[in-house]
Amino acid sequence: MDSMSYSIGLQVGKNLKTQGPDTINVKAFVKAIEDFYADVPKISIEDANKIVESYFKKDFEKQYGEKKALNQKFLDDNKSKEGVVTLPSGLQYKIIKEGNGPKPTLESTVKTHYTGTLVDGTKFDSSVDRNEPAVFPVQGVIPGWTEALQLMPVGSKWELYIPFNLAYGERGYQPSIEPFSTLIFELELLSIEKEPAK
């Protein structure tokens with residue numbers, strides 16, 4: 012027995028069993044390897060890539076479809092609540108406290124306090140809990156924050172309701188934020204730390 016080849020087969024088999032599709036046909040898998048090495052594949056690599064990509068896309072949608080719908084329902088219900096403003100992008104916000112300072116620009120660096128939760132109330136991050144304000148460039152954060160910050164006068168505290176496409180998208184930010192998650196932030200704009208040079 013060729014122990015090196017067998018060992019590679021074991022490693023590939025282990026990876027497929029733990030990370031691959033549940034419905035893999037081992038005989039077809041082995042046949043594909045034999046055909047490839049014999050230069051007689053039944054389909055092109057391009058077509059094979061499309062088939063695999065399509066499979067994983069459907070599997071992903073099946074796994075997270077319910078979560079996506081639940082998060083969308085939250086936004087649909089939320090937009091009719093008192094004080095909630097919905098922007099064309101889909102970003103929603105409610106003003107808790109209106110500041111009277113200047114508004115940041117895309118090039119600004121800002122200091123904020125925030126608490127982030129999921130639609131089920133699970134808290135995933137909080138500068139307030141750490142007792143340490145967060146400083147970052149306006150364009151260095153998720154799109155929902157970038158959009159909201161440019162509308163907020165310094166001194167404001169808003170509650171943001173950010174759809175997944177303006178947050179961490181279809182991939183999420185594991186382990187705390189799953190794919191398709193709507194994020195809720197209580198965001199306070201404390202100051203503009205740095206403005207771009209003119």
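Start counting the sequence shown at 12; every next residue gets the next number (the working numbering).
By construction, the Cβ of each residue, glycine as well, lies at the ideal position given by its N, Cα and C atoms.
Here the structure is a predicted model, which means the values were calculated and not measured.
Problem - GLU181 versus ASP13: straight-line alpha-carbon distance, rounded - result: What you label residue 181 is simply residue 170 of the sequence shown in a count that begins at 1. What you label residue 13 is simply residue 2 of the sequence shown in a count that begins at 1. Approximately 43 Å, taken between the alpha carbons.
Practice task
Using 10 angstroms around the beta-carbon of PRO186, count the other beta-carbons present and answer buried if the total reaches 16, otherwise exposed.
Solution key: Within the sequence shown, the letter at position 175 stands for residue 186. Classification of PRO186: exposed, given that the 10 Å Cβ count is below 16.
Practice task
Less than 8 Å between the CB atoms is what I'm expecting for VAL165 and GLU204, so what's the real figure, rounded?
Solution key: Working through the sequence shown from its first residue, we reach residue 165 at position 154. Working through the sequence shown from its first residue, we reach residue 204 at position 193. The Cβ separation is near 11 Å, so there is no contact.
Practice task
Tell me, please, whether the segment 134–146 touches the segment 159–176 by the rule of three or more beta-carbon pairs shorter than 8 Å.
Solution key: no
Practice task
Rounded to whole angstroms, what's the CA-CA distance from LYS78 to ALA43? Just pull it up for me.
Solution key: Along the sequence shown, read from residue 1 onward, the residue named residue 78 stands at position 67. Along the sequence shown, read from residue 1 onward, the residue named residue 43 stands at position 32. So the two alpha carbons sit approximately 36 Å from each other.
Exercise for the section: State the start and end residues of the unbroken alpha helix (DSSP H) segment that holds ASP58. Expected result: Sequence index remark: in the sequence shown, residue 58 carries index 47 (1-based). 56–89 is the span of the alpha helix (DSSP H), which, as asked, contains ASP58.
Practice task
Mind the definition here: the segment 60–69 touches the segment 106–119 only if three or more C-beta pairs lie below 8 Å; say whether that holds.
Solution key: no
Problem - Beta-carbon proximity of GLY101 to PRO190, cut-off 9 Å - result: The residue labelled residue 101 in the question sits at position 90 within the sequence shown. The residue labelled residue 190 in the question sits at position 179 within the sequence shown. Not a contact, by the Cβ cut-off of 9 Å.
Problem - Residue from ILE195, ASP70 and LYS122 with nearest C-alpha to LYS131 - result: For the purposes of this step, residue 131 is taken as the residue at position 120 of the sequence shown. Per the sequence presented here, residue 131 reads as Asp, with Lys not at that position. Residue ILE195 is the option with its Cα nearest to ASP131.
Practice task
Compare the beta carbon distance of LEU86 and TYR172 with 9 Å and say whether it is the shorter of the two.
Solution key: The count along the sequence shown starts at 1 and reaches residue 86 at position 75. The count along the sequence shown starts at 1 and reaches residue 172 at position 161. For LEU86 and TYR172, yes; Cβs fall inside 9 Å.
Exercise for the section: Please report how far the alpha carbon of SER202 lies from the alpha carbon of GLY112, in whole angstroms. Expected result: Your numbering for residue 202 matches position 191 in the sequence shown. Your numbering for residue 112 matches position 101 in the sequence shown. Near 8 Å, if we compare the C-alpha coordinates of GLY112 and SER202.
Handout entry: Close Cβ partners of LYS122 (< 6 Å) along its chain, the five nearest in sequence each way excluded
Key = Residue numbering aside, residue 122 sits at position 111 when the sequence shown is read from its first letter. So the list reads PRO144, VAL146, LEU201, SER202 and GLU204, once near-sequence residues are dropped.
Exercise for the section: Report yes if the C-beta distance between GLN103 and LYS90 is below 9 Å; otherwise report no. Expected result: To locate residue 103, count along the sequence shown from 1; it is residue 92. To locate residue 90, count along the sequence shown from 1; it is residue 79. In this structure, LYS90 lies closer than 9 Å to GLN103 by Cβ.
Exercise for the section: Let me know the alpha helix (DSSP H) ranges lying completely inside the segment 120–200, each 4 residues or longer, listed in chain order. Expected result: 138–141 and 154–160
Problem - Counterpart residues of TYR104 in DSSP-defined beta bridges - result: Numbered from 1 along the sequence shown, position 93 holds the residue referred to as residue 104. TYR104 pairs with VAL96 and LEU171.
Handout entry: Same chain only: Cβ atoms within 6 Å of TYR179, ignoring 5 sequence neighbours per side
Key = On the sequence shown, position 168 is the one that residue 179 refers to. Closer than 6 Å at the Cβ level, and outside the excluded window around TYR179, lie ILE188.
Practice task
Measure the alpha-carbon distance for GLU197 versus GLY151 and round it to whole angstroms.
Solution key: Walking along the sequence shown from the start, residue 197 turns up at place 186. Walking along the sequence shown from the start, residue 151 turns up at place 140. One C-alpha to the other measures close to 18 Å.
Exercise for the section: Pull up the CB-CB distance for GLU45 and TYR125, whole angstroms please, since I reckon it's below 8 Å. Expected result: The sequence position of residue 45 within the sequence shown is 34, counting from 1. The sequence position of residue 125 within the sequence shown is 114, counting from 1. About 56 Å; that fails the 8 Å criterion.
Problem - With 16 other Cβ atoms within 10 Å as the buried cut-off, status of ALA39 - result: Looking up residue 39 in the sequence shown gives position 28. Counting Cβ neighbours within 10 Å, ALA39 comes out exposed, since fewer than 16 surround it.
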